[in-house]
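Top to bottom, those sequences are chains A and B. Going by the working numbering, the first sequence opens with residue -2, and the numbers climb by one from there. Going by the working numbering, the second sequence opens with residue 335, and the numbers climb by one from there. Built from N, CA and C at the ideal position, the CB exists for glycine as well. All values derive from a computational prediction rather than experimental measurement.
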Amino acid sequence: MNRLIKKAWINLCGATACIIIGALGVSLAVKFNVKGIVPLMSFIIAGLIAALITRLRSISTGAGFDEREKKISVRAFIISSYFFMFFMVYACFIIFFLSGARNSIPSYTLPILLLVGLFISQIIHSAMILIRFAREQADEQ
Amino acid sequence: MSSNQITNNIRKLRFENDEMTQQKLADKAGVTRQTIIAIEAGKYSPSLTLAFKIADAFGVPIEDVFQYQQQDLKTNNESES
């Protein structure tokens, strides 16, 4: 198993764990109507931005990977980014059309949308890499 | 519309060079064995740098390893002959 496949599996497991923990956390926060959550949310958003910058840097430099692996990783990243963009666009419009122009939505909807979009795009990124390598291994045999 | 293809003699050259393994070639070129497999099978076209490294590993000019074939030209030549 090469490094890129290992990294994809770690990302896949990490994203899945984050979805479960994040969903539990948000559900609890909504259920108990937690207030004063702004510092915690700021911390989470700062962490997300730092993770995104680190990720973009690691993809652009591709440290430790050869040119083909970098190409596979970049292609998977582009596909997952497109997914994220379309997900956000569709989610925003669906909410708009469902709730109507003059209605309001709960305040937790937007961060949930953002987190779900990010995590699903992570899963797509890892899945694209794993599928590509699985197809190549199948071709080898 | 023309479809371009890069063919290679890596397999032949490996066997001519003391049956060099794909792993050994990969180590010399600084890539993974999977990349060599993909190039050898014609599923991945290497960058110019990697192509030179592979040629260098065999100690031959790059044109002895990789050949560029333009599909429509080849078809025309075949129909003429």
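{"Check": "If you follow the beta strand (DSSP E) that Tyr402(B) is in, where does it begin and where does it stop?", "Outcome": "400 to 404"}
{"Check": "Along the segment 64 to 81 of chain A, what residues have a CB closer than 9 Å to any CB found in chain B?", "Outcome": "Glu64, Arg65, Glu66, Lys68"}
{"Check": "I'd like to confirm the pairing. Which residues does DSSP put opposite Ile340(B) in its beta bridges?", "Outcome": "Tyr402(B)"}
{"Check": "Going along chain A in order, which residues have a C-beta closer than 7 Å to the C-beta of Gln368(B)?", "Outcome": "Asn(-1), Glu133"}
{"Check": "Less than 7 Å between C-beta atoms, sequence neighbours within five positions excluded: which residues of the same chain meet that for Thr341(B)?", "Outcome": "Gly376, Gln401, Gln403"}
{"Check": "Indicate the three-state DSSP secondary structure (helix, strand or coil) for Ser381(B) in the structure shown.", "Outcome": "coil"}
{"Check": "Say whether the segment 110 to 120 of chain A touches the segment 12 to 23 of chain A, bearing in mind that this needs 3 or more beta-carbon pairs closer than 8 Å, one atom from each stretch.", "Outcome": "yes"}
{"Check": "In this structure, how does DSSP classify Asp352(B) when only helix, strand and coil are distinguished?", "Outcome": "coil"}
{"Check": "Among Ala389(B), Lys358(B), Pro380(B), Gln357(B), which one has its Cα closest to the Cα of Gln339(B)?", "Outcome": "Pro380(B)"}
{"Check": "Do Leu359(B) and Ile370(B) have their C-beta atoms closer together than 8 Å?", "Outcome": "yes"}
{"Check": "Strictly below 9 Å CB to CB, what residues from chain A border Gly364(B)?", "Outcome": "Asp63"}
{"Check": "Within 8 Å (strictly less), CB to CB, does Leu359(B) reach chain A?", "Outcome": "no"}
{"Check": "With distance defined between alpha-carbon atoms, name the residue in Ser118(A), Asp136(A), Ala131(A), Met85(A) nearest to Leu49(A).", "Outcome": "Ser118(A)"}
{"Check": "Nearest-angstrom Cα distance between Ser96(A) and Leu107(A)?", "Outcome": "14 Å"}
{"Check": "Can you name, in chain order, every residue of its own chain whose Cβ lies under 8 Å from the Cβ of Gly11(A), other than the five neighbours on each side?", "Outcome": "Gln119"}
{"Check": "So is Ile46(A) buried or exposed if we call it buried at 16+ other beta carbons inside 10 Å?", "Outcome": "exposed"}
{"Check": "One question on the structure: do Ser77(A) and Ile109(A) come within less than 8 Å of each other, judged by their Cβ atoms?", "Outcome": "no"}
{"Check": "Cα-Cα, which of Leu37(A), Arg65(A), Thr13(A), Tyr105(A) is closest to Tyr378(B)?", "Outcome": "Arg65(A)"}
{"Check": "Using the beta-carbon count (16 or more within 10 Å), is Ile388(B) buried or exposed?", "Outcome": "buried"}
{"Check": "Is the shortest distance between the beta-carbon of Leu382(B) and the beta-carbons of chain A less than 8 Å?", "Outcome": "no"}
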